[in-house]
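S.K.: Mind looking over this structure? Questions follow.
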Amino acid sequence: MDLGLQGKKAIVCAASKGLGRACAISLAREGVELVITARTASTLEETAAEIRQMTGVKVTAVAGDITSEEGRAAALKACPSPDILVNNNGGPPRGDFRDWDRETWIKAVDANMLAPIFLIKAVVDGMIERKFGRIVNITSGSVKSPIPELGMSNAARAGLTGFVAGLARQVAHHNVVINNILPGPFLTDRLRGGFQEAARKTNRPVDELVQERLSKTPAGRAGDPAEFGDACAFLCSAKVGFIVGQNLLLDGGAFNSSST
Ligand code: NAP
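Quick note: the sequence shown uses the working numbering, first residue 2, plus one each step.
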């Protein structure tokens, strides 16, 4: 299927590694010109070079913190009129809500709710004028099935989801579609990081422990970031004008529901 994306321009946030990187690769394979962001310039430049070599598309690396106004402004300066925006960021820490003060909460809301909302605000009117826009927000399976120790993530992402649900329905008739993808366990550095302590204690490889934990889930494995990237590219495609304000759960069937 031709996704109809040749020559389009995208900003993919938090894309030097993991899910953001996978989305950038899948979009580049469809001929999309990219601006990718992350805080660590060296890793970001490496990823940009890799994607250029893999696909031949123009990839501009903009190092910065996407949670900050300056970080967002730099990405928008490099790509003022994107056809596609993939919102992504690091996730808030685990913990007990009794330990979280106001400042800690504001950081989480800034990162996982307000940063994507302000980027959407910056690009959506241009998309409406040009009669094409695709926005994908990377949230989390925790939006449907909250993870108790990830209270700040549950809350900030639910806030973004509620906002998007309304906005997506206001802009869809301009061929601007906004959807969310909700990752379950994908084999990225973040997921591996969560298993490192157990791996050290048991002297077993991280990937073996991940596999053991997930072997009883319906898919029996962790997700491959490339699968996530391809789903994202599809949701950014010219084919999806009628898929509006959806929350696509990619979790290998772990969330048990007859109407997910
Ligand atoms: P990852 O492998 O750790 O990659 C995170 C990427 O985001 C890196 O490129 C990182 O680069 C960048 N980044 C982090 N904070 C940033 C900031 N403030 N500004 C710009 N870039 C930033 O993480 P991932 O597994 O792909 O996860 C991506 C998102 O999906 C997270 O919000 C995570 O909570 C969520 N999620 C992941 C899973 C999973 O299984 N992987 C499941 C559910 C939800 P720098 O550090 O250099 O900035």
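The beta-carbon is built from N, C-alpha and C at its ideal position, and this holds for glycine as well.
Which value, in whole angstroms, describes the spacing of the CA atoms of Glu228 and Ala239?
M.R.: Cα-Cα distance, rounded: 19 Å.
S.K.: Assuming the contact rule is C-beta atoms closer than 8 Å, Val124 and Ala11 should be a hit. Round their C-beta distance to whole Å, please.
M.R.: No, Val124 and Ala11 are not in contact; Cβ-Cβ is about 11 Å, not under 8 Å.
S.K.: For Ile182 versus Gly246, is the C-beta spacing smaller than 8 Å?
M.R.: No, Cβ-Cβ distance for Ile182 and Gly246 is not below 8 Å.
S.K.: If you draw a straight line from the C-alpha of Ile121 to the C-alpha of Lys202, how long is it?
M.R.: Approximately 43 Å between the Cα atoms of the pair.
S.K.: Taking the alpha-carbon of Arg176 as reference, which of Lys145, Cys237 and Leu188 has the nearest alpha-carbon?
M.R.: According to the sequence shown, residue 176 is Asn rather than Arg. Comparing Cα positions, the closest option is Cys237.
S.K.: Taking all protein chains shown into account, do 16 or more other C-beta atoms lie within 10 angstroms of the C-beta of Ala25, making it buried, or fewer, making it exposed?
M.R.: With 16 or more other Cβ atoms within 10 Å, it is buried.
S.K.: What is the DSSP secondary structure of Gly5, counted as helix, strand or coil?
M.R.: If DSSP states are grouped into helix, strand and coil, Gly5 belongs with coil.
S.K.: Quick one, are the C-beta atoms of Glu46 and Ala23 less than 8 Å apart?
M.R.: Cβ distance not < 8 Å, so Glu46 and Ala23 don't count as in contact.
S.K.: Ala75 to Asn89, Cα distance in whole Å?
M.R.: Roughly 16 Å separates the two Cα atoms.
S.K.: For the ligand NAP, is there a heavy atom less than 7 Å away from the beta-carbon of Gly152?
M.R.: False, no ligand heavy atom lies under 7 Å from that Cβ.
S.K.: Name the residue from Glu130, Gly72, Gly19 and Cys14 whose alpha carbon lies nearest to the alpha carbon of Asp225.
M.R.: Selected option, being the one with the closest Cα: Gly19.
S.K.: What are the start and end residues of each continuous beta strand (DSSP E) run of 3 or more residues lying completely inside the segment 173-218, in chain order?
M.R.: For the segment 173-218, whole beta strand (DSSP E) runs of length 3 or above, ordered along the chain, are 177-184.
S.K.: Decide if Ile85 is buried, meaning its Cβ has at least 16 other Cβ atoms within 10 Å, or exposed.
M.R.: Ile85 should be labelled buried.
S.K.: State whether the segment 155-163 contacts the segment 104-114, with contact taken as three or more CB pairs (one from each stretch) at a distance under 8 Å.
M.R.: The segment 155-163 is in contact with the segment 104-114.
S.K.: Quick one: any contact between the segment 214-222 and the segment 144-153, if contact means 3 or more CB pairs under 8 Å?
M.R.: The answer is no - the segment 144-153 does not touch the segment 214-222, with fewer than three Cβ pairs under 8 Å.
S.K.: Considering only C-alpha positions, which residue in the set Gln171, Asp190, His174 and Val137 is nearest to Leu250?
M.R.: For the residues Gln171, Asp190, His174 and Val137, the minimum Cα distance to Leu250 belongs to Val137.
S.K.: Would DSSP call Gly224 helix, strand or coil?
M.R.: Strand.
S.K.: Go ahead and pull the three-state DSSP assignment for Glu31.
M.R.: Residue state, collapsed to three classes: coil.
S.K.: Compare the beta carbon distance of Pro219 and Gly253 with 8 Å and say whether it is the shorter of the two.
M.R.: It is a contact, given that the beta carbons lie within the stated cut-off.
S.K.: DSSP puts Val110 in a beta bridge; with which residues?
M.R.: According to DSSP, Val110 bridges with nothing at all.
S.K.: Take Phe98 as the anchor and find which of Ile139, Met153 and Asp126 has the nearest alpha-carbon.
M.R.: With distances taken between Cα atoms, Phe98 lies closest to Met153.
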